[in-house]
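Worksheet for the structure shown next.
2 protein chains.
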Amino acid sequence: MPSQAPGPVDPARLREVLDGSWAEVRKAHRDHLDTRFLPVYGETGDQARERITRLLTQLPVELGVASAFPTEYGGRSDVGGSIVASEMLAQVDMSLMVKAGVQWGLFGGAVMALGTRRHHDAHLRDIIAARTFGCFAMTETGHGSDVQQLRTTCTYDPQTQTFDLHTPHEAARKDYIGNAARDGRMAVVFAQLTTRGRRHGVHAWLVPIRDAQGNPMPGVTIGDAGPKAGLLGVDNGRLTFDHVRVPRDMLLDRYGQVAPDGTYSSPIENDSRRFFTMLGTLVRGRVSVGGAASAATKSALTIAVRYGDIRRQFSAPDTDREVPLNDYLAHQRKLLPALATTYALHFAQAELVAALSAVQGGDGPLDEHRQRELESRAAGLKAAQTWHATRTIQMCREACGGAGYLAENRLPSLKADTDVFTTFEGDNTVLLQLVAKGLLTGYRDGFGSLDGWGRASFVAEQVREMVLERTAARSVIQQLVSAVPGRDDEVAVTDRGWQLKAFEDRENHLLDGAIRRLRNGATVKKDRPFDIFNDVQDHVLTVATAHTDRVTLEAFVAAIESTADPAVQALLSRVCDLYALSVIEANKGWFLEHARLTPARSKAITAVVNDLLKELRPEMRTLVDGFAVPDTWLHCAMLREEPGRQEAMAAEDGAAAAQAVPA
Amino acid sequence: MPSQAPGPVDPARLREVLDGSWAEVRKAHRDHLDTRFLPVYGETGDQARERITRLLTQLPVELGVASAFPTEYGGRSDVGGSIVASEMLAQVDMSLMVKAGVQWGLFGGAVMALGTRRHHDAHLRDIIAARTFGCFAMTETGHGSDVQQLRTTCTYDPQTQTFDLHTPHEAARKDYIGNAARDGRMAVVFAQLTTRGRRHGVHAWLVPIRDAQGNPMPGVTIGDAGPKAGLLGVDNGRLTFDHVRVPRDMLLDRYGQVAPDGTYSSPIENDSRRFFTMLGTLVRGRVSVGGAASAATKSALTIAVRYGDIRRQFSAPDTDREVPLNDYLAHQRKLLPALATTYALHFAQAELVAALSAVQGGDGPLDEHRQRELESRAAGLKAAQTWHATRTIQMCREACGGAGYLAENRLPSLKADTDVFTTFEGDNTVLLQLVAKGLLTGYRDGFGSLDGWGRASFVAEQVREMVLERTAARSVIQQLVSAVPGRDDEVAVTDRGWQLKAFEDRENHLLDGAIRRLRNGATVKKDRPFDIFNDVQDHVLTVATAHTDRVTLEAFVAAIESTADPAVQALLSRVCDLYALSVIEANKGWFLEHARLTPARSKAITAVVNDLLKELRPEMRTLVDGFAVPDTWLHCAMLREEPGRQEAMAAEDGAAAAQAVPA
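Here it is as structure tokens:
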């Protein structure tokens with residue numbers, strides 16, 4: 149592990165490391181998406197929707213947003229490329245990314261994953277070419293997180309060989325559905341399948357919702373979700389079905405078939421397991437959202453860091469030269485740990501995309517264990533990245549003062565557009581429960597369930613047998629950890645092995661504690677089964693966070709290990725120190741409570757973090773330049789070289805000199 | 149201190165305690181401000197500006213928003229009433245509150261505080277009646293926090309007996325100025341006064357910026373700040389002056405006069421001291437913003453708590469009845485500590501408004517020490533309340549899932565409109581430095597300075613002599629603290645005296661440490677004067693936070709002490725426990741590092757907090773009902789009793805029963 153001070157780093161070398169495996173997809177987007185694709189500030193909702201729909205049809209498909217589809221339909225059979233493409237779109241305009249995600253990821257992805265060849269042949273080419281706009285109609289007004297309990301019904305009638313799709317009451321209407329309010333012609337609708345008097349759980353149908361003239365189909369009522377906090381360009385709407393007749397062959401029947409006589413069959417017998425297998429193929433949406441959140445975070449940090457270099461306020465003592473904001477410790481304390489975390493999450497996301505590509509990219513049967521692990525990783529990182537985005541963009545907005553509140557400086561739309569990410573494609577708190585449940589059960593069973601622990605009472609009786617699964621560069625990390633002597637206190641807090649061990653130790657101890665508490669609870673709270681889980685819910689969520697922290701640090705360490713350029717490697721190593729120590733500092737209460745840190749060592753960590761801030765201050769600009777967000781994409785008035793701005797700066801210096809002789 | 153479990157509480161009794169001294173102002177607003185005054189979701193910027201301007205002229209002045217003005221001009225000489233009125237407006241529509249704050253607080257307030265009788269006689273009646281709209285033109289593009297360094301110049305010419313008001317370069321233009329883009333006819337403009345070749349620092353002039361037809365006056369260029377994250381109804385703009393002639397008598401000359409021949413005189417000799425005296429009279433704006441932030445926080449919590457009671461997700465084990473969100477520990481962990489902090493800040497704000505009323509309400513000369521203390525309190529509480537609002541409204545938005553992202557459910561506008569509060573009327577980080585500096589110097593000198601520590605190098609050489617000033621109910625608090633035995637560990641963490649002592653101890657220890665580090669720095673960093681302060685900036689900001697926490701807890705304790713209704717008192721006492729222990733839990737790293745908590749006791753605090761959450765769960769609705777936000781003011785679609793919603797709920801129950809027999 150390099151430990152020398154970082155030498156001068158060429159941002160282009162840093163960019164290469166960050167761009168990683170799908171560098172050409174990133175480059176193609178940077179080269180081709182010009183100012184036409186940028187957000188327009190202050191437009192109305194109607195204008196935004198019109199513009200985004202138009203841009204979606206103009207988006208060159210060869211950039212890669214539809215590349216997850218098989219080559220035979222016009223895709224590239226490249227799952228990873230589609231995720232990276234969507235991350236790049238997110239950096240240009242988040243409405244565009246979400247609209248694309250609805251069309252190609254959710255709608256097209258569902259037709260692909262849940263349908264069979266006849267659906268693919270009939271629809272995929274039109275979907276890829278954005279000739280057919282579609283919706284992913286899963287969420288209902290009354291059920292978002294608990295999708296297994298959806299209330300929409302779809303009942304097979306062998307006489308007519310059609311399904312009867314129905315919304316039984318207002319809470320069962322489909323809600324927040326992208327593409328519904330304006331553009332959608334079809335929808336993948338999730339509903340409870342009943343045939344021959346028996347229910348078989350949630351399935352999906354391909355349902356026309358508008359005719360060629362754009363009028364709602366008979367029995368379909370379409371509403372508009374109305375103005376939102378952000379994402380004005382996405383036409384979210386509401387769908388209600390009044391006994392709509394759906395032909396038998398519109399059931400997306402990869403995981404469940406209904407014969408003409410109504411006989412049900414499925415390759416997966418258990419309703420719940422089938423449901424989570426169906427959901428599992430849709431993990432890509434979650435990975436995309438995490439990547440999009442990080443893309444927006446990078447834009448916000450680039451703006452705040454560049455502004456903090458040119459914005460000066462208050463004079464230094466004994467001089468009239470005003471101090472750039474980035475020179476203040478308090479400003480560094482805001483920006484640099486967030487920047488370090490963004491780097492860490494970038495590498496964790498890159499590793500996740502590679503894993504997704506490996507697990508889902510091939511044609512062979514899915515490895516269920518690896519798929520479960522992938523879902524867990526995606527859930528944890530989606531939560532981490534979207535919360536980090538919410539916090540960091542907010543902080544960047546504040547770090548730019550009043551200027552950060554003006555639409556022309558981009559930060560307001562970055563904040564408003566990403567705000568929904570913490571609760572869509574899985575509410576973050578529910579996702580962390582899913583992660584925790586996977587850890588508690590060792591991915592063995594029922595793991596995919598999004599339930600609120602209610603139906604998970606088996607957990608408490610289980611023995612944890614799972615070995616801590618290392619994520620990347622296993623042997624290197626093992627070596628680093630093993631090299632730490634028994635007496636931790638004698639190791640520098642910048643020792644990578646010690647940091648890794650601290651993260652791992654925290655995760656393990658928290659997990660063991662949660663299991664112990666659940667077991668004890670199962671004994672003493674037999675008559676209050678809800679309380680068994682609810683009483684430790686905060687603890688259990690912390691397990692999931694600690695796990696995600698560990699996975700993230702390991703990905704960062706692995707990325708540093710495989711970096712060839714020594715200057716870049718040295719810089720990344722310092723950034724990794726800052727990330728690791730920021731996490732430990734933020735959780736020092738836990739480390740002290742559990743005697744993992746002495747008070748003296750805990751205080752020392754704060755001092756080391758401050759030293760790192762000082763050391764990294766000159767690299768702030770390089771670190772954001774490494775993200776390689778094109779200047780035009782920042783779309784930020786205060787960073788543009790306007791006519792007169794140079795003169796103003798020069799005049800400022802003159803004024804500073806003049807004021808040296810006040811009355 | 150009451151320690152029994154809270155009995156049933158009548159929300160009306162709770163409301164009385166919260167409404168406090170200006171209850172009739174609150175009641176008048178609740179009674180008179182009907183749906184006409186509510187925000188309109190999804191309107192354009194132009195529509196919002198037109199509507200808010202119209203409402204401002206329709207706002208019954210007798211409600212109290214202009215009551216700080218003297219009775220002879222149509223006010224009520226009631227400073228406190230005007231602050232409370234503005235808090236109530238904030239709960240109806242934040243644009244309306246900010247526009248009112250610009251018109252009556254900043255613009256009218258500056259004419260009142262900085263002008264003299266001839267200005268008052270000529271303008272106050274028209275200002276109060278909203279016949280003359282005006283701006284407060286202080287901030288410039290290049291200088292916001294460091295207003296002492298404004299670049300706009302105003303130079304006296306004895307020949308014409310006029311001032312020459314000039315914007316020397318782009319960075320000196322007035323920016324973010326409310327009422328400028330559309331409505332303002334006049335502006336109080338802050339600029340550097342020069343007369344007879346000597347500069348005398350920042351002064352203010354009353355300057356016409358538009359003629360009767362609404363066209364800019366000669367030499368005045370007016371720009372529009374354009375779309376913002378929120379506050380669409382406020383017409384923020386930019387003003388540039390090209391050698392504008394301003395008559396001599398338009399100088400607001402209470403603190404500095406220029407004779408016809410250009411001779412300058414002032415009752416306050418020192419430029420800097422005069423400047424901060426001028427600013428000091430404007431502390432009301434800061435108090436209003438803090439109150440407005442809390443008002444929005446109360447609305448957001450009311451929405452989230454009420455939604456959390458009706459929104460159910462996931463079934464409890466062994467039942468098909470779904471669980472209300474508020475029953476989940478993780479949800480309580482989000483909402484209840486925020487609710488407790490909102491209560492604490494409410495009482496701190498009430499105490500601050502009373503102090504403001506006492507210090508500035510009379511006709512006598514200002515007590516400078518009390519004024520300084522007031523400014524410090526206002527600065528700390530403004531920062532605490534606005535950051536709490538930003539965090540809490542964000543959390544409430546997330547706690548309501550996708551519904552929280554829809555404009556129709558109010559949370560998006562609450563978030564967007566309050567977002568600027570953390571950086572306007574004083575950037576929070578700069579304000580905390582001001583608080584810290586007051587503590588370090590014991591309010592003795594130069595305290596009001598907003599500088600970045602640069603000119604404060606005297607601090608390090610000073611001996612701290614200040615006695616910890618208790619805020620309220622001094623003797624009671626002293627008794628509680630004194631009653632804590634020497635061995636803290638033996639006292640329950642719910643002991644109020646122990647809690648008070650912990651807060652006080654933390655503040656003192658942090659303050660002593662900061663002084664020690666500054667002194668040491670002054671010795672060893674003589675050649676790097678900037679670093680002396682910058683290296684401890686994080687520590688110093690923590691001092692200010694700890695101080696504000698202590699002030700807030702003491703206000704809460706004093707309020708409980710003076711509550712007559714025993715059931716209300718018992719409930720508030722539990723809420724106070726939750727506030728105090730949440731703060732200690734959030735800072736447990738510090739308490740452990742400094743041996744103020746043993747590891748075992750630290751862990752116990754987390755358990756006690758969880759117990760308090762369980763105990764307060766049944767009181768959540770009562771606690772938000774105590775805020776008494778009228779149902780119509782919430783303006784939240786998902787909480788309205790729409791036709792069909794009751795049936796939907798009933799149908800839900802039916803569905804839950806039906807699904808008990810799946811295939």
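Sequence order for the protein chains is A and B.
Numbering-wise, the first sequence is residues 149 to 811 according to my numbering.
Numbering-wise, the second sequence is residues 149 to 811 according to my numbering.
Glycine is no exception: its CB is placed at the ideal position from the N, C-alpha and C atoms.
Spatial neighbours of residue i within its chain, please: C-beta separation below 7 Å, excluding the five flanking residues on both sides.
i                     : result
residue 738 (chain A) : 654
residue 416 (chain A) : 403, 422 and 425
residue 733 (chain B) : 753, 754 and 757
residue 683 (chain A) : 669
residue 782 (chain B) : 447, 450, 451 and 558
residue 401 (chain A) : 264
residue 633 (chain B) : 639
residue 462 (chain A) : 470 and 471
Could you compute how far the alpha carbon of residue i sits from the alpha carbon of residue j?
i                     : j                     : result
residue 776 (chain B) : residue 648 (chain B) : 29 Å
residue 276 (chain A) : residue 784 (chain A) : 32 Å
residue 201 (chain A) : residue 709 (chain A) : 43 Å
residue 185 (chain A) : residue 454 (chain A) : 23 Å
residue 481 (chain B) : residue 450 (chain B) : 16 Å
residue 542 (chain B) : residue 342 (chain B) : 47 Å
residue 605 (chain B) : residue 435 (chain B) : Low per-residue confidence applies at residue 605 (chain B): pLDDT is 41, beneath 50, and the placement is therefore not dependable, though the value from the model is reported in the following sentence. About 29 Å.
residue 189 (chain A) : residue 419 (chain A) : 47 Å
residue 575 (chain B) : residue 474 (chain A) : 16 Å
residue 218 (chain A) : residue 357 (chain A) : 26 Å
residue 652 (chain B) : residue 503 (chain A) : 52 Å
Under the assumption that residue i contacts residue j (Cβ atoms under 8 Å), give the Cβ distance between them as a whole number of angstroms.
i                     : j                     : result
residue 658 (chain B) : residue 700 (chain B) : Not quite, the Cβ-Cβ distance comes to about 16 Å (not below 8 Å), so this is no contact.
residue 375 (chain B) : residue 661 (chain B) : Residue 375 (chain B) to residue 661 (chain B), Cβ: 45 Å. No contact.
residue 170 (chain B) : residue 229 (chain B) : 5 Å
Once you ignore the five residues that flank residue i on each side, which residues in its own chain have a CB closer than 6 Å to its CB?
i                     : result
residue 210 (chain A) : none
residue 314 (chain A) : 301, 389 and 391
residue 740 (chain B) : 750
residue 173 (chain A) : 212, 229, 232 and 233
residue 382 (chain A) : 243, 246, 247 and 326
residue 304 (chain B) : 311, 343, 406 and 410
residue 641 (chain B) : 753 and 756
residue 160 (chain B) : none
Could you check whether residue j and residue i sit closer than 8 Å to each other, using their CB atoms as the reference points?
i                     : j                     : result
residue 529 (chain A) : residue 447 (chain A) : no
residue 564 (chain B) : residue 378 (chain B) : yes
residue 531 (chain A) : residue 580 (chain A) : yes
residue 703 (chain A) : residue 499 (chain A) : yes
residue 768 (chain A) : residue 493 (chain A) : no
residue 688 (chain A) : residue 534 (chain A) : no
residue 273 (chain B) : residue 397 (chain B) : no
Going by DSSP, which residues form a beta bridge with residue i?
i                     : result
residue 392 (chain B) : B:313
residue 554 (chain B) : A:376
residue 301 (chain A) : A:314 and A:340
residue 484 (chain B) : BP columns for residue 484 (chain B) are empty, so no partner.
Which residues in the same chain have their Cβ closer than 8 Å to the Cβ of residue i, if we skip the five residues on either side of it in sequence?
i                     : result
residue 772 (chain A) : 446, 449, 450, 453, 454 and 487
Indicate whether at least one CB of chain D lies closer than 8 Å to the CB of residue i.
i                     : result
residue 682 (chain A) : Going by chain labels, chain D is absent from the structure shown, which instead holds the protein chains A and B.
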